[in-house]
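Just so you know, we're using our numbering here: the sequence shown kicks off at 657 and counts up by one. In this text, a Cβ means the ideal position worked out from N, Cα and C, and glycines have one as well.
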Amino acid sequence: MGDAADHGLSVVVPVHNGARTLADALESLRRQTVPLHEVIVVDDGSTDESVQIARSHPLGARVIELGTNQGVAFARNTGLLEARTERVAFLDQDDLWLPTRAARLQAVFADHPDLQVLVTGERVFAAAEDKAALVEDDHPFLDWVQWWPAAGHVIDAMSALPADPESELTLLPTARILTGSITVSSSYVLPRTLSLQVGGFASWARSADDWVLLQTLAARTPIGSVDDRTVLYRVHPTNTSVTTRWPRTLLTLAAAMRHGDALVPADHERDAAYVGPLVGTNLLPHYLWALAREPGGRSAADTWALWQLLATDEDRTLRNVVRLARTQLRARIPAAVRDTLRGKGDAP
């Protein structure tokens, strides 16, 4: 790996029970066309073979074991603290980097040496073997999947993907970041010092810790973006980003945006055009999907926040109420009955 701490790149890989996909993630880093300064795998209390996979992989990653499960934000922050370079990138255990990603990042920073934060585009993929389960579950990310490689052949198949043309750097306005998550954490390149100064990834958030950090950084430094899709984001039936924890966290943040100024610049009117995209487009569909699958239902606080936000955009209010009713109905009809109504049940 490289040895120029001032200009090199550290990559932090947080892991929790990632034995199924971790080897692919590490192999995608090993195949980079330019050297990385270091790769830091932070194991967040795994009970499977994740640590053994990380230690035995020929990439030669530095492995840090937390011992007990502290959450992905804590693992990412540990990687930030341990990194030996100022620029730190991230890769989740189930995602991949295209072989040219590190070289592309290097070129962008060479052209824009004062840039501190950079995000990129991503392709969404899923293993072909997971397709039936994703379709059956009406997974909210299903329509985003652009590539269906066979499990076990992902790395080799990746080399056949066409490369995106190099795009120009753009600086994202804070308002764009506040309308919802703009990309995945595997596309982030962050400044170590500033990120730690502002508290790092939001350990208090049950999810969306990366989005919260990006908002905090946006108030202090420009957020650069290139559209090149050099990250492959994996969708599978157990993605944590679409469990109820993630939508509920966003629900709380969106309520704060509507009823307070914590996340909204003082000079920006808190109107439907500003908050509406977060709630109606990025948040509500995922929250309702997850709600239908939560055995325990909603808390009183969840119910209050949800009804406050259903009316955030007056033009969408009726549509949102209908969507909520459908979700509640789905949650109360057994799966076997739903299959029969759809004509999928077993014939008598």
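Glutamate 785 - DSSP class collapsed to helix/strand/coil:
helix
Nearest CA to the CA of phenylalanine 857: which residue from Ala758, Ala731, Ser881?
Ala731
Taking alanine 675 as the reference, give the member of Val719, Gln749, Glu738 with the closest Cα.
Gln749
Measure the alpha-carbon distance for asparagine 673 versus glycine 735 and round it to whole angstroms.
17 Å
Within the region 818-893, ranges of the alpha helix (DSSP H) (whole runs, at least 4 residues):
830-834, 848-853, 865-874
Unbroken beta strand (DSSP E) run spanning valine 707, endpoints:
That residue, valine 707, is in no beta strand (DSSP E); its alpha helix (DSSP H) goes 706-712.
Classify phenylalanine 730 as helix, strand or coil using the three-state DSSP reduction.
helix
Classify histidine 693: buried if its beta carbon has 16 or more other beta carbons within 10 angstroms, exposed otherwise.
buried
Tryptophan 753: buried (16+ other C-beta within 10 angstroms of its C-beta) or exposed?
buried
Where do the ends of the beta strand (DSSP E) carrying arginine 743 lie?
743-746
Taking the CB atoms as reference points, tell me whether valine 840 and glutamate 742 lie closer together than 8 Å.
no
How about serine 666 and isoleucine 696: are their beta carbons less than 8 Å apart?
yes
Could you check whether proline 818 and valine 773 sit closer than 8 Å to each other, using their CB atoms as the reference points?
no
Whole-number beta carbon distance between valine 887 and aspartate 751, since they are thought to touch under 8 Å
6 Å
Going by the CB atoms, is the gap between threonine 776 and valine 882 shorter than 8 Å?
yes
Rounded separation between alanine 784 and tryptophan 800 - CA only
14 Å
Helix, strand or coil for valine 668, going by three-state DSSP, please let me know.
strand
Whole-angstrom C-beta distance between glycine 701 and asparagine 725, which should lie under 8 Å:
4 Å
Quick one: is glycine 664 buried, meaning 16 or more other Cβ sit within 10 Å of its Cβ, or exposed?
buried
CA-to-CA distance, histidine 809 to aspartate 680, given in whole angstroms:
9 Å
Identity of the residue in Thr689, Ala717, Gln688 nearest valine 671 by Cα:
Ala717
What's the C-alpha gap between proline 714 and arginine 687?
11 Å
With which residues is glutamate 721 paired in a DSSP beta bridge?
Asp699
When the distance is taken between beta carbons, is leucine 834 closer than 8 Å to tryptophan 854?
Reading off the sequence shown, one finds valine at residue 854, where the question assumed tryptophan. It is not a contact, given that the beta carbons lie outside the stated cut-off.
May I ask which residues mark the beginning and end of the alpha helix (DSSP H) holding valine 810?
810-814
What separation, rounded to the nearest whole angstrom, lies between the Cα atoms of alanine 813 and serine 712?
23 Å
Is it buried or exposed for leucine 827, if we count other Cβ within 10 angstroms and need 16 for buried?
exposed
Leaving out five residues before and five after serine 843 in sequence, what residues of the same chain have Cβ atoms less than 6 Å from its Cβ?
Val775, Thr776, Glu778, Val887
Assigned secondary structure, glycine 777 (DSSP; H/G/I helix, E/B strand, else coil):
strand
Between the alpha carbons of proline 691 and alanine 739, how many angstroms are there, rounded?
16 Å
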